[in-house]
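Peer 1: I'd like to ask you about the structure that follows.
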Amino acid sequence: MTILDGRRVAEKVVAAAAADIATLARAPGLATVLVGDDPASEIYVRNKRRRCVAAGIRDLHRRFGADVTQDELAAAIRALGDDPGVTGILLQLPLPPHLDADALVSLIPPDKDVDGLTETNAGRLALGRPGLSPCTPLGVLELLDAHGIALAGAEAVVVGRSNLVGKPMAQLLLRRHATVTVCHSRTRDLAAVCRRADVLIVAAGIPGLITAEAVKPGATVVDVGIHRTPDGLRGDVDFDAVRAVAGAITPVPGGVGPMTIAMLLANTVAAARRTAGR
Ligand code: ADP
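Each position in the sequence shown, counted from 1, maps to that position plus 176 in this note's numbering.
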């Protein structure tokens with residue numbers, strides 16, 4: 177049984193991004209936009225900024241109070257979009273409920289959209305055209321590739337259909353010639369569908385959802401979930417039970433999490449190149 181070590185692979189991706197940045201005429205500038213005081217979002221944004229700065233990306237953080245209005249935030253995002261010194265924009269979600277996140281995301285110029293969330297980038301991904309794709313599914317692919325897990329012709333099952341993870345994950349797997357099944361909260365007999373998978377990717381946001389009976393012996397299991405529990409950080413997969421059945425599995429923490437941040441760096445470099453027309 178192989179542990180898919182996200183920390184180790186992420187270090188390589190980060191080093192490659194840093195080397196790339198050193199060759200650019202001007203360092204990429206990433207504007208992380210944080211609204212309100214959600215503690216998890218604060219930690220995520222702090223970690224992203226720290227890794228970006230370490231790789232040579234200019235940190236253009238913008239912070240807004242929980243009472244910021246839609247118009248104020250829209251004006252700020254438009255200004256970042258127009259600013260040639262800003263090559264990437266990341267609007268940290270979720271936003272406070274009085275704000276319309278979709279409308280704000282749509283103000284990000286697609287070539288500065290380092291989270292790959294705009295309609296243009298989602299469309300490019302669906303049509304198989306070059307663009308910026310969400311960091312977590314990109315990180316999952318990078319992790320699988322680093323361990324030589326074959327995707328062409330494989331049965332891949334994705335649990336979850338969010339715009340940030342499940343849907344783009346399915347598109348990316350399809351692009352790599354996997355046979356893709358997408359499960360969600362209304363799927364009948366989830367375990368039976370998951371048992372078909374050679375590669376099982378779980379992004380449902382439910383701790384311990386996937387038990388050993390949902391895993392085909394020898395399958396590769398990738399756990400995108402992360403939950404704070406009284407026993408520490410846990411994923412959507414019951415790690416201790418599933419590791420006995422799986423051929424390869426990601427740990428939580430130390431699996432997909434570090435890959436997501438690494439791919440943000442890679443996307444920030446890609447966005448800077450797109451913005452500069454190189
Ligand atoms: P994320 O952004 O991390 O993917 P979301 O909370 O936005 O997470 O989405 C959770 C996804 O998980 C949804 O697509 C939902 O359909 C799926 N899901 C939720 N519960 C179940 C379940 N019991 N079985 C399978 N899929 C589920």
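Note that the Cβ used here is the ideal one computed from N, Cα and C, for glycine as well.
Since V397 and A422 are thought to touch, with beta carbons under 8 Å apart, how far apart are those beta carbons, to the nearest angstrom?
Peer 2: Contact flag correct, Cβ pair sits at about 5 Å.
Peer 1: Tell me whether T294, by its Cβ, gets closer than 7 Å to a heavy atom of ligand 1.
Peer 2: Checking the Cβ of T294 against ligand 1 gives no.
Peer 1: Give the list of continuous alpha helix (DSSP H) stretches no shorter than 4 residues that lie fully inside the segment 299-378.
Peer 2: Counting only runs of 4 or more, we get 311-322, 342-351, 366-370.
Peer 1: The alpha helix (DSSP H) that contains A149, what's its start and end?
Peer 2: Residue 149 lies beyond the residue range present for the chain, which begins at 177 and ends at 454; the question has no answer from this structure.
Peer 1: Could you pull the start and end residues of the beta strand (DSSP E) that V398 belongs to?
Peer 2: Run containing V398: 396-399, per the beta strand (DSSP E) assignment.
Peer 1: What do you reckon, is the C-beta of H360 under 7 Å from a heavy atom of ligand 1?
Peer 2: It does: the Cβ of H360 is within 7 Å (strictly closer) of some heavy atom of ligand 1.
Peer 1: Considering only DSSP beta bridges, list what R238 is partnered with.
Peer 2: Answer is V209.
Peer 1: Can you tell me whether DSSP reads D289 as helix, strand or coil?
Peer 2: D289: strand per DSSP, three-state reduction.
Peer 1: Pull up the CB-CB distance for R404 and V428, whole angstroms please, since I reckon it's below 8 Å.
Peer 2: With 8 Å as the limit, R404 and V428 do not qualify as a contact, their Cβ atoms being about 11 Å apart.
Peer 1: Find the nearest neighbour of H360 within the set R351, S217, C370, judged by alpha-carbon distance.
Peer 2: Closest by alpha carbon: C370.
Peer 1: Should T263 be counted as a contact of ligand 1 given a C-beta to heavy atom distance under 7 Å?
Peer 2: Result no, Cβ not under 7 Å from ligand 1.
Peer 1: Using the beta-carbon count (16 or more within 10 Å), is A442 buried or exposed?
Peer 2: Per the 10 Å Cβ criterion, buried.
Peer 1: Hey, how far is the Cα of A195 from the Cα of A368?
Peer 2: Cα to Cα, A195 sits roughly 45 Å from A368.
Peer 1: Given the structure, does L340 come close to ligand 1, in the sense that its CB is under 7 Å from one of the ligand's heavy atoms?
Peer 2: Flag set: Cβ of L340 near ligand 1.
Peer 1: Cutting at 6 Å between CB atoms, please list the residues of its own chain near V335, excluding the five before and the five after it.
Peer 2: The answer, listed in chain order, is C359, V378, A380.
Peer 1: Please name the residue, chosen from R184, G304, R351, S309, that lies closest to T294 on a Cα-to-Cα basis.
Peer 2: Residue S309 is the option with its Cα nearest to T294.
Peer 1: Following the continuous beta strand (DSSP E) through R404, name the residue where it begins and the one where it ends.
Peer 2: Looking at the DSSP string, the run of the beta strand (DSSP E) that includes R404 is 403-405.
Peer 1: Please list, in chain order, all residues of the same chain as A252 whose beta carbon is under 8 Å from its beta carbon, the five residues on each side excluded.
Peer 2: Within the same chain, A252 has close Cβ partners V209, R238, F240.
Peer 1: Identify whether V281 lies in helix, strand or coil by the three-state DSSP scheme.
Peer 2: Residue state, collapsed to three classes: helix.
Peer 1: Short check: CB of A230 to CB of P434, under 8 Å?
Peer 2: Their beta carbons are not under 8 Å apart, which means A230 does not touch P434 by this criterion.
Peer 1: For L266 and Y220, I'd like the C-alpha separation in whole angstroms.
Peer 2: Straight-line Cα distance between these residues: approximately 12 Å.
Peer 1: Give me the residue from T178, L180, A192 with the minimum Cα distance to M439.
Peer 2: The candidate whose alpha carbon is nearest that of M439 is A192.
Peer 1: So is the beta-carbon of A380 under 7 Å away from any non-hydrogen atom of ligand 1?
Peer 2: Yes - ligand 1 has a heavy atom lying nearer than 7 Å to the Cβ of A380.
Peer 1: Under 8 Å, with one C-beta from each stretch per pair, do the segment 313-327 and the segment 342-350 reach the 3-pair mark?
Peer 2: Touching, yes, given that three or more Cβ pairs across the two stretches are closer than 8 Å.
Peer 1: Verify the contact flag: V369, CB atom, against every heavy atom of ligand 1, threshold strictly below 7 Å.
Peer 2: Not under cutoff, so the answer is no.
Peer 1: Let me confirm a value: A328 is counted as buried when at least 16 other C-beta atoms fall within 10 Å, else exposed. Which label applies?
Peer 2: A328 comes out exposed.
Peer 1: Less than 8 Å between the C-beta atoms of I402 and L180, yes or no?
Peer 2: Not a contact, by the Cβ cut-off of 8 Å.
Peer 1: Across which residues does DSSP place R410 in a beta bridge pair?
Peer 2: Bridge partners of R410: H403.
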